[in-house]
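In case it helps, the working numbering puts the sequence shown at residues 1 to 186. Written below as structure tokens is the structure these notes are about.
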Amino acid sequence: EASRHLRSGPGYADCLAQVPPPDAARIAVRQAAFDALVAPAAPSPPRFLPPASLRAGISLAAGARTEGVGLCLWQDGESWGRWSDGAEASLDLALEAPVTGHMLRLDLRARPDGAFGLRVAVNGVALGERRIAGDGWHEWGLADAAIAGRTHLHIALATDTAFEAARFTPEDDRILGFALAGLAVG
């Protein structure tokens with residue numbers, strides 16, 4: 001009650017009228033401070049994945065080493081892997097040498113709301129859609145057009161539906177699409 005009275009009581013308007021608006025210099029200082037807070041960190045030099053680690057598999061779990069893997073639109077890692085932040089997400093892999101395998105393997109987790117379709121594309125080449133009903137490894141054949149001579153793989157993943165995690169865990173306010181524990185190419 002006292003706080004409300006201070007904000008709207010007698011003399012409040014007169015008090016505010018005495019506070020000068022910020023000048024252009026002060027606004028610039030505040031804007032620079034805000035920009036510094038929200039600016040992305042400078043990217044670190046790229047690390048490259050050796051072919052052996054790509055064949056053996058890469059974990060996306062919390063604490064797993066993911067040098068050479070760029071993550072876009074993913075939630076923070078959990079003990080088993082990570083959820084996409086919505087219905088779409090992508091991975092960028094910087095490779096020491098061109099890919100020699102012809103199979104992309106994704107270790108996917110079931111969703112609490114049931115089976116879902118997952119579309120995959122590599123370097124802009126659509127690999128198709130799979131129906132994911134349970135935990136485990138799922139494979140997509142890699143077309144030569146997607147990998148020939150490439151030392152970079154952009155893997156785009158998408159599902160038609162995302163869901164509110166709060167439907168299953170009331171305190172969780174995330175919107176989730178699909179869960180990925182790891183990947184391999186070989």
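C-beta atoms are modelled at their ideal positions from N, C-alpha and C, and glycine is treated no differently.
Original post:
Excluding sequence positions up to five away, which residues of its chain have a Cβ less than 6 Å from the Cβ of I132?
Top reply: Apart from sequence neighbours up to five positions away, the residues of its chain that approach I132 with a beta-carbon distance below 6 Å are L108, F116 and L118, ordered along the chain.
**OP:** Note down, one range per segment and in chain order, each beta strand (DSSP E) of at least 3 residues found wholly within the segment 145 to 170.
**Re:** 152 to 158, all fully within the segment 145 to 170.
Subject >> Bridge-paired residues (DSSP) for W137 >> reply: Its beta-bridge partners are D107.
**OP:** Go ahead and pull the three-state DSSP assignment for S53.
**Re:** Residue state, collapsed to three classes: helix.
Original post:
Between the segment 75 to 89 and the segment 153 to 169, do at least 3 Cβ pairs fall closer than 8 Å?
Top reply: With the cut-off at 8 Å, the segment 75 to 89 and the segment 153 to 169 touch.
**OP:** Answer with buried or exposed for R82, where buried requires no fewer than 16 other C-beta atoms within 10 angstroms of its C-beta.
**Re:** With a threshold of 16 other beta carbon atoms within 10 Å, R82 meets it and is buried.
Original post:
Run through DSSP, which three-state label would A2 get?
Top reply: Summary for A2: the model assigns pLDDT 48, below 50, so the residue's position carries little reliability; its value from the coordinates is reported in the next sentence. DSSP places A2 in helix when its eight states are reduced to three.
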